[in-house]
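This report refers to the structure that appears directly beneath it.
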Amino acid sequence: MGRAWNAVLPALVSLLLVLACWLGVGIAPAQAYDNPDLLPDHPTPVIDLAKALTDGQRISLEENLTRFEADTGWKLRVLTQYDRTPGQAVKDFWNLDERSLLLVADERGGNLLNFNVGDALFALMPRTYWVELQTRFGNQYYVRDNGQDAAIVDALAAVEICLERGGCQVVPGLPREQWLLTLSTSMLGGLVAGFASYPRKEGRKVEWAWVLLLSPLWLILFGALGLGPILTRTNDLLPVARNTLAFLGAALGAYLIAGATVGKARLKDADQG
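Here the UniProt record's numbering is used: the first residue of the sequence shown is 1, the next is one more, and so on.
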């Protein structure tokens, strides 16, 4: 009897679940992914379902985006969401077209920001621009230090700057973390140039042959990776001067270290001789 009951019980449970689902007993209806009921009943460029913005920030952002659209014709829209979303319904609500940008802020993913970019914007800012924009302002460290509101506002400000310029290849501005990376590559390029320049034979002061031979390496480190990201993102000359001094200082240090090492080796050989 026990064995028979154990065999019948799973089937009865399955049957009851099917009947419950069919009759709707004790089970809440599933929420549709596209829910136009979440859309506001008035025109607005910002739908803040996740409450990422204060009332003052939302009103200010609405005024800014409305004014920007009136002045330039570019349509920038913001949707923040968490457990509820209107989904594709926003496309008809905002009449999104090729001159539209939809910024979706959702903290459930690895990155807060996502962008739905119109084709006309891709003609001015390439895909790499939008990837950089997302990783700079939407990463968890930026959001942790500045807040979701700042991530949204700062990302939109960068887009507005580029649209007013007629397009950008990279995101304007030089974050501290990126500058430190360029500083490191500048110093590394200086070390390569410094070690290469120390003469291998007596009577020479600089080994120009080796400097030229290794020039592709230290020029990439100092020029392309050390100065390039700065010159394409900001007009500030201070980081350029700092990276140049770091390159020259590292080159001089490497030159002196190489000289001291060679000098010790020669003294050792002389003592042994």
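The C-beta atom is built at its ideal place from N, Cα and C for all residues, glycine as well.
All of these numbers come straight from a predicted model, not from anything done at the bench.
What are the uninterrupted segments assigned as alpha helix (DSSP H) that are 4 or more residues long and contained completely in the UniProt domain "TPM" (46 to 159), given in chain order? Listed in chain order, the complete alpha helix (DSSP H) runs (minimum 4 residues) inside the UniProt domain "TPM" (46 to 159) are 55 to 72, 89 to 94, 119 to 122, 127 to 137 and 140 to 146.
Among LEU133, LEU101 and LEU112, the one whose alpha carbon lies nearest that of ASP119: As a working note, residue 119 is residue 119 in the sequence shown. Here the closest residue by C-alpha is LEU101.
Along the alpha helix (DSSP H) that carries GLY228, what are the first and last residues, could you check? If you number the sequence shown from 1, residue 228 lands on position 228. GLY228 -> alpha helix (DSSP H) spans 228 to 231.
Inter-residue spacing [alpha-carbon to alpha-carbon] between LEU65 and HIS42: By 1-based counting over the sequence shown, the position of residue 65 is 65. By 1-based counting over the sequence shown, the position of residue 42 is 42. Near 16 Å, if we compare the C-alpha coordinates of HIS42 and LEU65.
Among LYS201, ILE152 and TYR198, which has the Cα closest to the Cα of ASN114? Here residue 114 is taken as the residue at index 114 of the sequence shown, counted from 1. Residue ILE152 is the option with its Cα nearest to ASN114.
Given PHE247, which residues of its chain have a CB within under 8 Å of its CB, disregarding the five upstream and five downstream residues? For the purposes of this step, residue 247 is taken as residue 247 along the sequence shown, with counting starting at 1. Same-chain partners within the cutoff: SER186, MET187, GLY189, GLY190, ALA193, PHE222 and GLY226.
With distance defined between alpha-carbon atoms, name the residue in TYR129, ASP83, LEU96 and VAL240 nearest to GLU107. In the sequence shown, the residue the question calls residue 107 occupies position 107. When each option's Cα is compared against that of GLU107, the closest is ASP83.
Residues near ALA258 by beta carbon distance below 8 Å, same chain, minus five either side: Looking up residue 258 in the sequence shown gives position 258. Same-chain partners within the cutoff: GLY194, PHE195 and TYR198.
Measuring alpha carbon to alpha carbon, tell me which of LYS201, GLU177, LEU79 and TRP130 ends up nearest THR44. Reading the sequence shown from its first residue, position 44 is the one you call residue 44. Looking only at LYS201, GLU177, LEU79 and TRP130, the smallest Cα-Cα distance to THR44 is reached by LEU79.
I want to know whether the region 129 to 143 touches the region 46 to 58 - three or more CB-CB distances under 8 Å. Because the criterion of three Cβ pairs below 8 Å is not met, the region 129 to 143 and the region 46 to 58 do not touch.
Using a Cβ-Cβ cut-off of 7 Å, state whether VAL143 counts as contacting chain B. Among the chains of the structure shown, chain B does not appear; only one protein chain is present.
With H, G and I counted as helix, E and B as strand and the rest as coil, what does DSSP make of CYS168? Within the sequence shown, numbered from 1, the residue matching residue 168 stands at position 168. CYS168 carries a coil assignment under DSSP once its states are collapsed to helix, strand and coil.
Pairwise C-alpha distance: LEU219 and VAL117: By one-based count along the sequence shown, residue 117 stands at place 117. By one-based count along the sequence shown, residue 219 stands at place 219. Here the alpha carbon of VAL117 sits roughly 36 Å from the alpha carbon of LEU219.
Determine the DSSP secondary structure at VAL192, reduced to helix, strand or coil. Working through the sequence shown from its first residue, we reach residue 192 at position 192. Residue state, collapsed to three classes: helix.
Counting pairs of Cβ atoms below 8 Å between the region 228 to 243 and the region 197 to 214, do you hit three or more? Taking 8 Å as the limit for Cβ pairs, the verdict is that the region 197 to 214 does not touch the region 228 to 243.
Of the listed residues ALA70, THR244, GLU132 and LEU38, nearest to PRO89 (C-alpha basis): Start at 1 with the first residue of the sequence shown, and residue 89 comes out as number 89. The question names Pro, but residue 89 in the sequence shown is Ala. Among ALA70, THR244, GLU132 and LEU38, the Cα nearest to that of ALA89 belongs to LEU38.
Element boundaries [alpha helix (DSSP H), containing ASP217]: On the sequence shown, position 217 is the one that residue 217 refers to. Sequence check: residue 217 is Leu here, not Asp. In the DSSP annotation of this structure, the continuous segment of the alpha helix (DSSP H) that includes LEU217 starts and ends at 215 to 219.
CB-CB length for ILE133 against ALA158, believed under 8 Å: Here residue 133 refers to the residue found at position 133 of the sequence shown. Here residue 158 refers to the residue found at position 158 of the sequence shown. The sequence shown places Leu at residue 133, not Ile. By a beta-carbon distance limit of 8 Å, LEU133 contacts ALA158. Their separation comes to about 6 Å.
Closest Cα partner of TRP179 within the set ARG77, GLY228, ARG67 and LEU76: What you label residue 179 is simply residue 179 of the sequence shown in a count that begins at 1. Of ARG77, GLY228, ARG67 and LEU76, the residue nearest in Cα terms is GLY228.
Relative to the C-alpha of THR182, which candidate in GLU164, GLU62 and LEU245 has its C-alpha closest? For this step, residue 182 is matched to residue 182 along the sequence shown. It is LEU245 whose Cα lies nearest to the Cα of THR182.
Buried or exposed: THR85, going by 16 or more other Cβ atoms within 10 Å of its Cβ? Counting from 1 along the sequence shown, the entry for residue 85 is found at position 85. Buried, because 16 or more other Cβ atoms sit within 10 Å of the Cβ of THR85.
Between VAL171 and ARG127, is the Cβ-Cβ spacing less than 7 Å? Along the sequence shown, read from residue 1 onward, the residue named residue 171 stands at position 171. Along the sequence shown, read from residue 1 onward, the residue named residue 127 stands at position 127. In this structure, ARG127 does not lie closer than 7 Å to VAL171 by Cβ.
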